[in-house]
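*Asks:* Input: one structure, supplied below.
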Amino acid sequence: MQKRSEQEMFDEILSFAREDERVRAVWMNGSRANPNAPRDGWQDFDIVFAVTDMDSFLADDSWVDRFGERVMTQSRRDQYDAYNEEEIPDFSDWFIYLMQFADGNRMDLSLIPVKNAAKEVCSDSMCVVLLDKDGILPEIPPASDEQYRVKRPSPLEFHCSVNEFHWVSSNAAKGLWRGEFSYAQSMLSILREELLRQLSWKAGILTGFSVNPGKCGKFLPKFLPEGDWAEFLETYARGDAADIWRAVDAAWALFGRVSRENAAVFGFSLDLEEETRMREYLRRES
-3 MQKRSEQEMF
7 DEILSFARED
17 ERVRAVWMNG
27 SRANPNAPRD
37 GWQDFDIVFA
47 VTDMDSFLAD
57 DSWVDRFGER
67 VMTQSRRDQY
77 DAYNEEEIPD
87 FSDWFIYLMQ
97 FADGNRMDLS
107 LIPVKNAAKE
117 VCSDSMCVVL
127 LDKDGILPEI
137 PPASDEQYRV
147 KRPSPLEFHC
157 SVNEFHWVSS
167 NAAKGLWRGE
177 FSYAQSMLSI
187 LREELLRQLS
197 WKAGILTGFS
207 VNPGKCGKFL
217 PKFLPEGDWA
227 EFLETYARGD
237 AADIWRAVDA
247 AWALFGRVSR
257 ENAAVFGFSL
267 DLEEETRMRE
277 YLRRES
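Going by our numbering, the first residue of the sequence shown is number -3, and it counts up by one from there.
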């Protein structure tokens, strides 16, 4: 099956929207609306329909068949957090269909009521209006990733990042000492989250806080010295104790260096005594 081009997908989406009187406006979010995102064939089509009758769309999902053969679909009905312990959740303000098409394209299609359109279209700086039948949408600035750019941290935010890294390190160690490797790996993932936070701040320093690090830091290699990212990748471990300890040590080495660099630039203090005590604690049995 030949993959449909971007233009063919837009034609399909807008053809449906123009023909269906319930759809009054359409816009796009996500990476395809981000002028700074690298272009490739795996980008999702993040589309929003502002509609007059949510109930009629949700009563019968067969209308999404119009967009092509699907490998699978996940809708809001399939997402457990939608239920909040309620047997019949309220989908009247927002619904989404996540669709993987057989041709390789993927679309995340949201439905919102028309009454919320003006507010919602302004909620994301990465937004491109594709259709507005009634002029209900306000004028919005050109799409940009400004909302997603790394921000200079406050002293409290910086302190909490360092403290979290130190604390979760003890959890990782506890898991290793107990032989609970899945738990230790989970804690290592949290350490990486704080590492990504520090690396994002460093990228901000190097670029004047003008860049978007991307989801899970995926764009950081473009903005950091090559060695920093190579060291970050060393924090991924196999499933044995020795390699998880190695990864924890790699995380500590990188976090310690980058947090010091960042603190010096920001003029923040570091609790070096806490760092020393925690490092000695980890080394007792590692």
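Note that beta-carbon positions come from the ideal geometry of N, C-alpha and C, so glycine has one too. Treat the numbers as computed from the prediction; the structure is a model and nothing was measured.
For R62, count neighbouring Cβ atoms within 10 angstroms of its own Cβ and tell me buried if that reaches 16, exposed if not.
*Replies:* Its Cβ having fewer than 16 others within 10 Å, R62 is exposed.
*Asks:* Going by C-alpha to C-alpha distance, which of M122, E270 and L192 sits closest to K214?
*Replies:* Checking every option, the nearest Cα to that of K214 belongs to L192.
*Asks:* To which residues of the same chain is G200 closer than 6 Å at the C-beta, ignoring the five residues directly before and after it?
*Replies:* Cβ within range, chain order: V146.
*Asks:* By how many angstroms is the C-alpha of C212 removed from the C-alpha of A180?
*Replies:* Cα-Cα distance, rounded: 20 Å.
*Asks:* Is I108 helix, strand or coil when you go by DSSP?
*Replies:* Three-state result, I108: strand.
*Asks:* Mind reading off the beta-carbon distance from L107 to V47? Whole number of angstroms is fine, and I expect it under 8 Å.
*Replies:* Confirmed, Cβ separation roughly 6 Å.
*Asks:* Compute the distance between the beta-carbons of A139 and V244, then report whether it is under 7 Å.
*Replies:* Going by C-beta atoms, A139 is not nearer than 7 Å to V244.
*Asks:* Comparing C-alpha positions only, which one of F87, W59, H162 and L202 sits nearest to R18?
*Replies:* Nearest C-alpha to R18: W59.
*Asks:* When we look at the beta-carbon of T272 and count the other beta-carbons within 10 Å, is it buried (16 or more) or exposed?
*Replies:* By the neighbour-count rule (16 or more Cβ atoms within 10 Å), T272 is not buried but exposed.
*Asks:* What does D42 pair with, by DSSP beta-bridge criteria?
*Replies:* D42 pairs with N25 and D104.
*Asks:* For S121, collect the residues of the same chain with a Cβ closer than 8 Å to its Cβ; drop the 5 residues on either side in sequence, then sort them by chain order.
*Replies:* Taken in chain order, the residues that qualify are P137, A139, S140, D141, E142, Q143 and Y144.
*Asks:* Does the beta-carbon of N159 have 16 or more other beta-carbons within 10 angstroms, so that it is buried, or is it exposed?
*Replies:* Exposed, since its Cβ has fewer than 16 Cβ neighbours within 10 Å.
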